[in-house]
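Take a look at the structure below.
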Amino acid sequence: MNKDIASKYDPSLVEDKWYKYWMENKIFSSKPDAREPYTIVMPPPNVTGVLHMGHMLNNSIQDILIRRARMMGKNALWVPGTDHASIATEAKVVNKLAEEGIKKSELTREQFLDHAWEWTHKHGGIIMEQLKKLGASCDWDRTAFTMDENRSQSVIDVFVDLYNKGYIYRGVRMVNWDPKALTALSDEEVIYKEEQSKLYYLKYEVVEEPGKYIIVATTRPETILGDTAVCVHPEDERYSYLKDKHVRIPLVNREIPIIMDEYVEREFGTGCLKVTPAHDVNDYMLGEKYALPSIDIFNDNGTLNEHGLQYKGMDRFDVRKQIAKDLAMAGLMEKEEAYVNKVGCSERTQVPIEPKLSMQWFLDMKRLAQPAIEAVKQDDVLLVPAKFKNTYFHWMENIKDWCISRQLWWGHRIPAYFLPQGGFVVASSKEEALVLAREKSQDNTLTLEDLRQEEDCLDTWFSSWLWPISVFGSVINPTEKERKELEYYYPTSDLVTGPDILFFWVARMIMAGYEYTGKRPFGHVYLTGIVRDAQGRKMSKSLGNSPDPLDLIAKYGADGVRMGLMTAASAGNDILFDESLCEQGRNFNNKIWNAFRLVCGWDVAVAQKPTDASIAAVNWFRNRLSEVSVELADHFDKYRLSDAMLLLYKLFWDDFSACYLELVKPAYGSPIDAETKQATLDFFSILMQLLHPFMPFITEELWQLVEERKEGDSIMKHPLKIDFTFDATLLKEVEMARELISQIRNLRVKNNISPKEALSLYATQAVLSTEAVSIVCRLANIEKYEVGDREANPNDASIMIGTATFAIPMGGFIDTEEELKKLHEEVAYYEKFLLSVNKKLENEKFVANAPEQVVAFERKKQSDATEKLETLRERIAMLGK
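Residues in the sequence shown are numbered from 1 upward in steps of one, following full-length UniProt numbering.
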């Protein structure tokens, strides 16, 4: 053991040193062997992203799980990787080009992709390097990227396979359109925000009854330009006269029919619904039902097209303001009123989406969903916490076809090839496509140049839903090596992610898993909460309430930040983050460091025998370690990682530092016996192993210092060896002893008795073992301990622990007059309290009408107060003798 240890713990001198050591010695690498595998695949962060507090939480949890598994003797593999993030990355590249005076429209696809790859290579590794600062113990040699060659080929192969199975189709459908990113989105990529809006009441003239108007309420007056009908409920007597009639669209003056359908909510607005099939999904369904024309009034960027009349070229929201003014000026606006509206917005760009009819590619999800529903229903895939199962089932049982095409260039280009004479073929390569095209057209003169590949690329999630399979190799055509790796590591063990992508990603991975392996992709899904600030607000750059994780690590150390986060993070619950949590983590690091320095400073006397207190302490703490290990294993089994962290915090701080070390430490300047010193160092090693998953850096540092280690050795190479059996009776007795010690110390403080003043202690019954008694005598400074009846003495202080009573002679310590004064004050308080309780219970009306449990509670208060008064009066009587 190295006694030359710094007086203060400095994370900056420890963390980089050990991470470099772990990397150089390939501690995190994994290859299939005879051990039980434990596998986690990292939810791939955006390739051009940077570390934020959500990443900190998510990756800390993954690292805790993987390090714990490694130390339980499993072959632990954590596969890292990044996601190409089509919309987000393309937007960043477009912005970067704009700063250089270049428009995307001025570039060819190949030129734009050159810029995108350049951006990716420049920024792509940043977040991975930042995760290393956190201590992430990934097998970095296996780092994957959703658009690297292996993953890309799997995406293309799976698309072709699903198309050939009849699961993928192309058609015109109503989709969610992002006017900023200029692409379609799936329903799951739309988030709904509550906004203070307006309800506009517009006047539509009845064509068959000139001068008569009906009032239609809408939140989007600009879309009247695309109206093709007005709908009322067939049983709404207010509008029965409108059957088979027409109305004139205000300002536009185009005539449109009145239709009657039960879809209309009679209570909303005026009961009249304007129908714009091109710009509302429900209106689109009404349009299909009644064969209404569809008029698209928007360009892709949200400006109005040629159908926008005098508003052509204006932005949709500018048109809303202007058309409201124009309607009012024309006398066609009855009124406006404030209205709280939920507006669908793009999850990526945050702008309101536009429902839009568009030719897109879709994946039929209903057949794929069924095995994934059963997997969660049967707990083959276990969601933690289970409360998210209902959300999962609601989504999955009402699943819609997935719009998988995106009008972007950065991503996996759809492998569909259009023929000159019309139609298309789907193939993994252009060469295969040519063969299919010649067969389909029966034209052998076709060349590669005759084929035009689909311009759209695939939704980013279409690559990441294959992630647990594709990180090990080809999904459709694995090599022999890939097949063996997949057989060993798959299904993976745990997935750690946020509930916000439960459907986006988790459900789809489960579907892909069963479709392509016949197995679940993972056994457990640990769903984290959202990191919020102390006021409960979600952390974001715009609010300025999110600290930079790297700044926190620099200030408090990675271990301190991890420990602080985990004490507040229970599965599925949001984390109210405050920097004081990290400060608490740093303080704990310092506590561990100082405890080790204390032990290092003890000189050993080889011939010296252990004291009774030391023997008792070693036996007790050995059993306590076993007890905690059982509880810790249960916490990990149930994914209660916050509870596990707090359990270890208390074990080290309260049990080891405040109790065990106090029991065994020698008097100042005196040596310790060799047996106790070695036991203490052994305990320290075990404590470091238990804490290692949560606090990897300081635990490696101190484990290495406990004794001389071989080059290349690591705490992670030594599986935990703990006896899970323990003496429950001994532990219960020691807990009673510690409670007694606490009471005696309180008594000293209350009576201003120095801790150096030895006391005598008398017990009415033998409830403590010899070991427990030696612990009490050592920590409470008891020079005499006896068991048996003792005549009551007014100068005795009485302590109750369970059913046992302990007495401490206080003659010479107690100021009788002061004590009597306090006792009389307490009597006066309880007499007044009892009077108010009696008054309530004497009220017959209260007793008759109050709930039974309320009356019972009052009777309990009456009984307790009476008993307390009797005890106080007996004490006064004894002191008054």
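Just so you know, even glycine gets a beta-carbon here, dropped at the ideal spot from N, CA and C. Model, not experiment: these values are computed from the prediction.
Asked: Check whether the stretch 406-426 touches the stretch 367-376, counting contact only when three or more Cβ pairs, one atom from each stretch, lie closer than 8 Å.; Found: no
Asked: Pairs of beta-carbons, one from the stretch 74-93 and one from the stretch 693-704, closer than 8 Å: are there three or more?; Found: no
Asked: Is residue 688 near the ligand ATP, in the sense that its beta carbon is under 6 Å from a heavy atom of that ligand?; Found: Of the ligands one can find in the structure shown there are none, so the ligand ATP has no counterpart to examine.
Asked: Among residues of its own chain, excluding the 5 on either side of residue 453, which ones have a beta-carbon nearer than 6 Å to its beta-carbon?; Found: 417
Asked: Suppose contacts are defined by Cβ-Cβ distances below 7 Å. Is residue 355 in contact with residue 345 by that definition?; Found: no
Asked: Can you look up residue 180 in the DSSP assignment and give me helix, strand or coil?; Found: coil
Asked: Decide if the stretch 187-202 is in contact with the stretch 219-233; the criterion is three or more beta carbon pairs, one per stretch, under 8 Å apart.; Found: yes
Asked: Since residue 83 sits in a beta bridge, which residues does DSSP pair it with?; Found: 46
Asked: CB residue 503 to CB residue 395, shorter than 7 Å?; Found: yes
Asked: Since residue 463 sits in a beta bridge, which residues does DSSP pair it with?; Found: BP columns for residue 463 are empty, so no partner.
Asked: Would you list, in sequence order, the uninterrupted alpha helix (DSSP H) runs of no fewer than 4 residues that lie entirely inside the stretch 150-175?; Found: none
Asked: Checking the sheet assignment: what are the DSSP bridge partners for residue 497?; Found: 527
Asked: Hey, residue 451 and residue 433: beta-carbon distance below 7 Å or not?; Found: yes
Asked: Since residue 392 is in the beta strand (DSSP E), which residue starts that stretch and which ends it?; Found: From DSSP, residue 392 is part of no beta strand (DSSP E) but of the alpha helix (DSSP H) over 389-397.
Asked: Given a cut-off of 7 Å on the beta-carbon distance, is the pair residue 461 and residue 116 in contact?; Found: no
Asked: Near residue 691, what residues of its chain come up, given a Cβ to Cβ distance below 6 Å and the 5 sequence neighbours on each side ignored?; Found: 648, 699
Asked: Do you know offhand how far residue 211's Cα is from residue 370's?; Found: 57 Å
Asked: Pick out the complete beta strand (DSSP E) segments inside the stretch 14-78, 3 residues or longer, and give them in chain order.; Found: 37-41
Asked: Grab the span of the alpha helix (DSSP H) containing residue 138 for me, first residue to last.; Found: First-last for residue 138: undefined, no H or E at that position.
Asked: Please state whether DSSP places residue 272 in a helix, a strand or coil.; Found: coil
Asked: Hey, out of 860, 91, 716, whose CA is closest to residue 74's CA?; Found: 716
Asked: Evaluate residue 196 with the Cβ neighbour count: other Cβ atoms within 10 Å of its Cβ, from every protein chain shown; 16 or more gives buried, anything less gives exposed.; Found: exposed
Asked: Can at least three beta-carbon pairs, one atom from the stretch 152-161 and one from the stretch 86-105, be found at a separation below 8 Å?; Found: no
Asked: Just to confirm my understanding: we take residue 765, look at its own chain, exclude 5 residues before and 5 after, and list those with CB closer than 6 Å. What are they?; Found: 804
Asked: For residue 657, which option in 617, 59, 168, 762 has the closest C-alpha, if you only look at C-alpha atoms?; Found: 617
Asked: Return the first residue and the last residue of the alpha helix (DSSP H) that residue 383 is part of.; Found: It is not in any alpha helix (DSSP H) - residue 383 instead sits in the beta strand (DSSP E) that spans 382-384.
Asked: Pair every Cβ in the stretch 771-791 with every Cβ in the stretch 832-848, then say whether three or more of these pairs are closer than 8 Å.; Found: no
Asked: Taking the alpha-carbon of residue 823 as reference, which of 519, 870, 302, 102 has the nearest alpha-carbon?; Found: 870
Asked: According to DSSP, which residues form a beta bridge with residue 340?; Found: 196
Asked: Residue 590 to residue 653, Cα distance in whole Å?; Found: 11 Å
Asked: Does residue 59 pass the burial test, meaning 16 or more other C-beta atoms within 10 Å, or should it be called exposed?; Found: buried
Asked: Could you check what DSSP says for residue 334 in three-state terms: helix, strand or coil?; Found: strand
Asked: Counting Cβ pairs closer than 8 Å, one from the stretch 552-571 and one from the stretch 514-523, do we hit at least three?; Found: no
Asked: With a Cβ-Cβ cutoff of 7 Å, do residue 801 and residue 740 count as a contact?; Found: yes
Asked: Output needed for residue 610: all residues of its chain with C-beta closer than 8 Å, excluding positions within five of it in sequence on either side, in chain order.; Found: 618, 673, 675, 676
Asked: Using 8 Å as the cut-off, can you tell me whether the stretch 96-113 makes contact with the stretch 45-59, which would need three or more C-beta pairs spanning the two stretches below that distance?; Found: no
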